[in-house]
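Below is one structure; the comments refer to it alone.
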Amino acid sequence: MQVTEVYSKKIDSAIKAIHLIGCNVNDIVDKYDKENFPNGGPLKSTCFLEVINKKLSYEIYEYVEKICSLAHHRDSRKAYEYGIDLILGWLIEDAVLIFLEDSGKKAILSGQDRYRKFLSARKISTQPDICIQLSSGNRMLEVFSDWKGTWRNQNHADLRDNKYNKLKEKKAILLGIAPLSGEGFLIDISQDDKSFVENFIPAYRKMGFTHNAIRSELRSLDLVMNDLLSI
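Position one of the sequence shown corresponds to residue 19 (this note's numbering), numbered consecutively onward.
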């Protein structure tokens, strides 16, 4: 099954972002060449590679469609589209992790989906994606991607549900990555009091928190990644 034009562009954008971070997407995929999804699921590297190549086999399409059909965060997306979004997010998180490690930082994946499994609603958590282990103490990092150019074009960034408050509790850093424009931002949530406001988010049809002037935070992604190293 060929992915839609919308998802073809999204995949191209993800590959571009991974390249801008300084990683090769095939090297990330190769990390999973000996891991299968649970309960007789397909090989993870095969699944990820099919997504990157924009063409899903019947086996992988059926698996993702079934496992993601009841997902809490799926919204109006088809189940397999939601699954593709998760996979692209995982690949970008892995690229950020590799960037940190190659730059001499000690870091580990810390999110509930760190084992790269599709989770049920009750197992999805708001735990930040990456833990950076510093001599002064750990800092949590949440990786946040904009696939549609919303930050640049519409000047707002939305965090669904209670994500903002949870990041505040963890004193987390929010790393925004906008693959379409090659931009990003870095916001230390522990020092942020007024940027995000609670409101209803139409795109998610749920309450959440919105930054209504995010365009002012955007900079070239390579500069943002360099700033990440200074924390």
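The C-beta atom is built at its ideal place from N, Cα and C for all residues, glycine as well.
*Specify, as a first and last residue, the run of the alpha helix (DSSP H) that I102 falls within.*
97-120
*Could you tell me the distance, in whole angstroms, from the CA atom of K186 to the CA atom of I207?*
6 Å
*Can you list the alpha helix (DSSP H) stretches of 4 or more residues lying completely in the stretch 177-233, in chain order?*
With a minimum length of 4 residues, the continuous alpha helix (DSSP H) runs that stay inside the stretch 177-233 are 181-187.
_Run of the alpha helix (DSSP H) containing M243, from where it starts to where it stops_ = Under the DSSP assignment, M243 falls in the alpha helix (DSSP H) whose first and last residues are 239-246.
_Own chain residues within Cβ distance below 8 Å of K84, not counting five before or after_ = A97
_So, with DSSP's three-state summary, where would you put L236?_
coil
*Do I67 and V82 have their C-beta atoms closer together than 7 Å?*
It should be pointed out that residue 67 corresponds to Leu in this sequence rather than to Ile. Not closer than 7 Å, so no.
_Using only CA atoms, which one of D179, A190, T22, K123 lies nearest to D103?_
T22
*Looking only at DSSP bridge pairs, what is A32 linked to?*
Answer is none; A32 lacks a bridge partner.
*What residues in its chain sit with their C-beta under 7 Å from that of A231, if we drop five residues either side in the sequence?*
N173
_Enclosing beta strand (DSSP E) for Q151 [first to last residue]_ = 148-152
*Smallest Cα separation from G129: which of E119, K123, I150, N44?*
I150
*asked:* Quick check: E100 and C86, are their CB atoms within less than 7 Å of each other?
replied: One detail in the question is off: residue 100 reads as Tyr in this sequence, not Glu. With respect to C86, Y100 sits close: the two C-beta atoms are nearer than 7 Å.
*Meets three-Cβ-pair contact criterion under 8 Å: the stretch 117-129 and the stretch 233-248*: Touching, yes.
*Return yes when at least one heavy atom of the ligand SAH lies under 6 Å from the C-beta of K186, else no.*
No copy of the ligand SAH occurs in the structure displayed, which carries no ligand at all.
*Could you tell me which of G59, Y182, C65 sits nearest to N44, measuring between CA atoms?*
C65
*Could you spell out the range, first to last residue, of the beta strand (DSSP E) harbouring S63?*
Where S63 is concerned, there is no enclosing beta strand (DSSP E), although the alpha helix (DSSP H) it sits in stretches over 62-70.
*Taking Cβ positions, are I36 and A125 nearer each other than 7 Å?*
Not in contact: I36 and A125 (Cβ atoms no closer than 7 Å).
*asked:* Quick check on the DSSP output: the beta strand (DSSP E) that includes K124 runs from which residue to which?
replied: 124-127
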